[in-house]
Ligand SMILES: Nc1ncnc2c1ncn2[C@@H]1O[C@H](COP(=O)(O)OP(=O)(O)OP(=O)(O)O)[C@@H](O)[C@H]1O
């Protein structure tokens with residue numbers, strides 16, 4: 001939680017209530033149960049035919065078709081579809097437990113797939129291992145908070161990002177390119193990762209994924225645990241990677257307002273099903289999204 005607010009960056013205040021991020025500040029309080037009940041009603045009407053494809057433009061770069069996936073024998077995603085064009089960004093929002101992170105886990109190969117397919121640049125990658133997703137399909141997964149190796153230096157953490165490269169020298173060269181781009185990391189290259197601020201640590205997590213030069217970044221909760229000033233910094237970094245380096249970004253973000261402001265495409269996921277799909281801007285203006293996820 002921040003010093004000047006009694007809610008954390010997810011909009012939850014520790015009482016089981018979700019407090020909104022209305023444009024003029026917090027203006028509604030709605031219970032988690034109410035969010036789930038009302039969100040479930042959203043899923044009933046479904047998505048207009050062709051909407052998912054239209055949002056992704058002419059040709060989807062990453063496409064998920066009728067995916068059924070989960071953990072063990074439990075199916076979490078039911079006939080889930082997603083399409084994103086090359087260089088686009090997409091943000092998944094929705095109630096707790098809706099399956100948002102499971103979408104990222106499934107793309108990267110962390111779940112059991114019961115049906116459907118995942119393609120990157122027209123190639124079927126549904127059953128590739130995480131290692132091959134990274135090495136051959138160019139998909140990187142940026143873990144939630146606390147994934148850096150705290151006792152290792154910043155540069156050692158970056159080199160670890162290249163552990164799948166054929167030669168260690170390649171990872172070191174890529175690390176130098178990253179240091180040139182982010183002086184803030186370069187200044188701290190021989191410091192242990194544990195002494196970094198929250199924002200610097202998130203920058204290191206993102207940078208470590210960049211060592212393999214992926215085309216698709218799966219970003220799980222980039223704002224989690226960060227002070228507001230660092231949240232803005234992290235979104236600016238992601239924005240730069242999308243706009244200036246052409247990365248395709250698929251993100252899960254509890255701070256729905258930030259996520260939808262950032263993303264070209266927004267999806268609302270409810271109980272493992274796609275309930276709404278539109279541009280990020282239009283979802284931000286949608287009264288139901290506003291009431292349930294933005295606080296009024
Ligand atoms: N590794 C796992 N093994 C078994 N079940 C899991 C695992 N990870 C998630 N789940 C279950 O899958 C469901 C969806 O979880 P998921 O984390 O994808 O939801 P989410 O929408 O990202 O939620 P949140 O916003 O709370 O992070 C939940 O019921 C959760 O308990």
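In full-length UniProt numbering, the protein residues as written are 1 to 296. Every residue gets a Cβ at the ideal spot worked out from N, C-alpha and C, and that includes glycine. Because the structure is a prediction, the values reported are computed rather than measured.
Would you say residue i and residue j are within 8 Å of each other, going by their C-beta atoms?
i	j	result
residue 65	residue 117	yes
residue 109	residue 128	yes
residue 219	residue 142	yes
residue 131	residue 125	no
residue 278	residue 89	no
residue 202	residue 230	yes
residue 301	residue 272	Only positions 1 to 296 of the chain appear in this structure, which leaves residue 301 out of reach.
residue 252	residue 55	no
residue 242	residue 221	no
residue 341	residue 140	Beyond the ends of the chain as shown, which are 1 and 296, falls residue 341; an answer cannot be given.
residue 267	residue 77	no
residue 262	residue 246	no
residue 214	residue 115	no
residue 260	residue 284	yes
residue 191	residue 248	no
Can you tell which of the options has its C-alpha closest to the C-alpha of residue i?
i	options	result
residue 195	148, 143 and 274	148
residue 225	146, 101, 103 and 98	146
residue 193	151, 101 and 134	151
residue 160	247, 280, 218 and 204	204
residue 39	176, 295, 270 and 113	270
residue 70	102, 228, 233 and 237	102
residue 244	123, 46, 61 and 87	87
residue 73	113, 172, 228 and 250	113
From residue i to residue j, what does the alpha carbon distance come to, in whole angstroms?
i	j	result
residue 184	residue 200	8 Å
residue 84	residue 155	33 Å
residue 162	residue 68	31 Å
residue 111	residue 79	15 Å
residue 258	residue 136	31 Å
residue 275	residue 119	22 Å
residue 293	residue 169	46 Å
residue 41	residue 180	49 Å
residue 198	residue 189	16 Å
residue 50	residue 57	11 Å
residue 32	residue 282	24 Å
residue 26	residue 295	With a pLDDT of 41 at residue 26, under the threshold of 50, the predicted position of this residue should be treated as unreliable, and no value is reported.
residue 286	residue 164	43 Å
residue 53	residue 233	31 Å
residue 301	residue 240	Lying before the first or after the last residue shown, residue 301 is absent from the chain, which here runs from 1 to 296.
Measure the beta-carbon distance from residue i to residue j and round it to whole angstroms, keeping in mind my assumption that it falls under 8 Å.
i	j	result
residue 178	residue 223	22 Å between Cβ atoms; not a contact.
residue 174	residue 211	5 Å
residue 95	residue 36	5 Å
Strictly by DSSP, which residues pair up with residue i?
i	result
residue 93	268
residue 60	85
residue 199	DSSP, once it has assigned bridges, lists no residue as partnering residue 199.
residue 117	65
residue 153	192
residue 279	265
residue 212	In the DSSP output, where bridge partners are listed per residue, residue 212 has none listed.
residue 140	217
residue 75	70
Please tell me whether residue i has its Cβ less than 8 Å away from any Cβ of chain D.
i	result
residue 291	This model lacks chain D altogether, as it is built from one protein chain only.
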